[in-house]
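The structure appears right after this line, and notes come after that.
In my numbering, the protein residues as written are 1 to 434.
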């Protein structure tokens, strides 16, 4: 049934706003973690854990929140999720010990689960031809990471780091109220089959789901990890102030969010497979260049020693980050176009599974970034790790998809079995055996 355009617009607009604010809150420690690191004298691994702690909770709740959205509708689930994060977010301003920041970060991380709620909520309001573009607009809420980099340093400069969680909690509460009163609900969008949890999770047996999880762990998990890491990287590698470092880091976070809608349109036009393939290639090339550490060489010439410096200056480094941010934006949209095409009947469950994998990537990677820096002393080791992960994904995609289908963008549609049909089929088998 075609939905009225006004209701579609309100649902999409308010969901995008709510997701932007939730993502802004979720990425709080990308900036706030820098003064906390200095205050508590944390090493790189401890900082990585602090920055990634909210990502862990946001990842783990994505699957159950996706299932709840299928069953109870996105409007109420989204509203209650935002309200549950307001109090712990405010309490961060009163934390003084490392463990307190970690515990409160776990509760604030619930905001990261908003993606699996909103993506299933929005997708069901649009027809198949426009789903990719609509989901891309919603996914542009990832730009909340850039909003944090603009707003948090200004608040720290105007007052103190304690002011940041207080202001962010007020913004989140107001957004929750606006979302509740301006969005809409359609009970027809809920799962009508009465399927059990086991039936909803049946898609886990599909190898394609695991492949999409791998892609998303790069384009989203890598995006989250680098968005958390880059402000500190600019401060330590190039000596920028916190405010300047956050603005430069936004050159990665901003296109990685707002251009997702373009990726959705591209996926509608040329296919999810084609877009994802080229996203991985562009990311692989950028990461190869970013991986090279600052190097001093001394060459013995006939005229004496010649000192050479090899490394990326801040301008070239930022340009490469910007290009990779664009690629990640397109990739995040193309992965969910795969899901919308293949699993229209239980999109909440599958998007929750894929979102869980992507979020776990965003949790594990910052910790590994910190551990690698502590072990090697090389800051660009974070890009070396990402380079290896992308190389594995390119190889997997080639052997599983591209070699079988060399015509990019011409992937034949998969036949998705609704979970209600799965349940009926299993019941038929049981009755036959009886």
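The beta-carbon is built from N, C-alpha and C at its ideal position, and this holds for glycine as well. A quick note: this is a predicted structure, and the numbers were derived from the prediction, not measured.
| query | result |
| --- | --- |
| Any 3 or more C-beta pairs closer than 8 angstroms across the segment 73 to 89 and the segment 175 to 184 | yes |
| Opening and closing residue of the beta strand (DSSP E) in which residue 299 lies | 295 to 301 |
| N- and C-terminal bounds of the beta strand (DSSP E) containing residue 73 | Here residue 73 belongs to no beta strand (DSSP E), and DSSP marks it neither H nor E. |
| Cβ distance (whole Å) where residue 258 is taken to contact residue 267 below 8 angstroms | Going by Cβ atoms, the distance from residue 258 to residue 267 rounds to 16 angstroms, so no, they are not a contact pair. |
| Residue 98 vs residue 40 beta-carbon contact at 8 angstroms | yes |
| Residue 360, buried or exposed, once every other Cβ within 10 Å from all chains shown has been counted against 16 | buried |
| Residue 411, DSSP secondary structure in three states | Confidence in residue 411 is poor, its pLDDT being 48 and thus under 50, which makes the residue's placement unreliable; the coordinate value appears in the next sentence. The answer is coil: DSSP assigns residue 411 none of H, G, I, E or B. |
| Pair within 8 angstroms by beta-carbon distance, residue 123 and residue 260 | no |
| As assigned by DSSP and simplified to three states, the class of residue 178 | helix |
| Own chain, CB closer than 7 angstroms to residue 233, minus 5 neighbours either side, in chain order | 379 |
| C-alpha gap between residue 339 and residue 308, whole angstroms | 49 angstroms |
| Residue 305 - DSSP class collapsed to helix/strand/coil | strand |
| Straight-line Cα distance separating residue 104 from residue 364 | 19 angstroms |
| Residue 207 versus residue 401: straight-line alpha-carbon distance, rounded | 12 angstroms |
| Element boundaries [alpha helix (DSSP H), containing residue 220] | Taken as a continuous stretch (DSSP letters only), residue 220 belongs to no alpha helix (DSSP H), as it is neither H nor E. |
| Pairwise C-alpha distance: residue 29 and residue 240 | 18 angstroms |
| Rounded C-alpha distance that separates residue 155 from residue 148 | 10 angstroms |
| C-beta contact flag for residue 22 and residue 114 at 8 angstroms | yes |
| Any 3 or more C-beta pairs closer than 8 angstroms across the segment 245 to 252 and the segment 47 to 55 | no |
| The segment 218 to 230 contacting the segment 362 to 376, beta-carbon criterion three pairs below 8 angstroms | yes |
| Beta carbon of residue 14 nearer than 8 angstroms to that of residue 183 | yes |
| CB contact flag (residue 283, residue 324, <8 angstroms) | yes |
| Whole alpha helix (DSSP H) elements within the segment 49 to 134, 4-residue minimum | 62 to 72, 74 to 91, 98 to 108 and 114 to 123 |
| Under 8 angstroms between C-beta atoms of residue 145 and residue 253 | yes |
| Counterpart residues of residue 310 in DSSP-defined beta bridges | 295 |
| Buried or exposed by the 16-neighbour rule on C-beta atoms within 10 Å, applied to residue 310 | exposed |
| Residues of its chain near residue 333, where Cβ-Cβ distance is below 7 angstroms and the 5 sequence neighbours each way are ignored | 132, 135, 136, 139, 260, 263, 264 and 267 |
| Option in 386, 392 and 354 with minimal Cα separation from residue 210 | 354 |
| Neighbour-count burial assignment, residue 302, 16 or more Cβ in a 10 Å radius | exposed |
| Nearest residue (CA-CA) to residue 289, options 386, 65, 125 and 127 | 386 |
| Own chain partners of residue 335 with C-beta closer than 6 angstroms, once the 5 adjacent residues on each side are dropped | 212, 215 and 216 |
| Same chain, Cβ closer than 6 angstroms to residue 297, neighbours up to 5 away in sequence not counted | 308 |
| Closest residue to residue 126 among 285, 118 and 8 (Cα-Cα distance) | 8 |
| Option in 398, 381, 389 and 390 with minimal Cα separation from residue 44 | 381 |
| Under the three-state DSSP convention, the category residue 14 falls into | helix |
| Contact belief for residue 169 with residue 112 at Cβ below 8 angstroms, rounded distance in angstroms | Residue 169 to residue 112, Cβ: 16 angstroms. No contact. |
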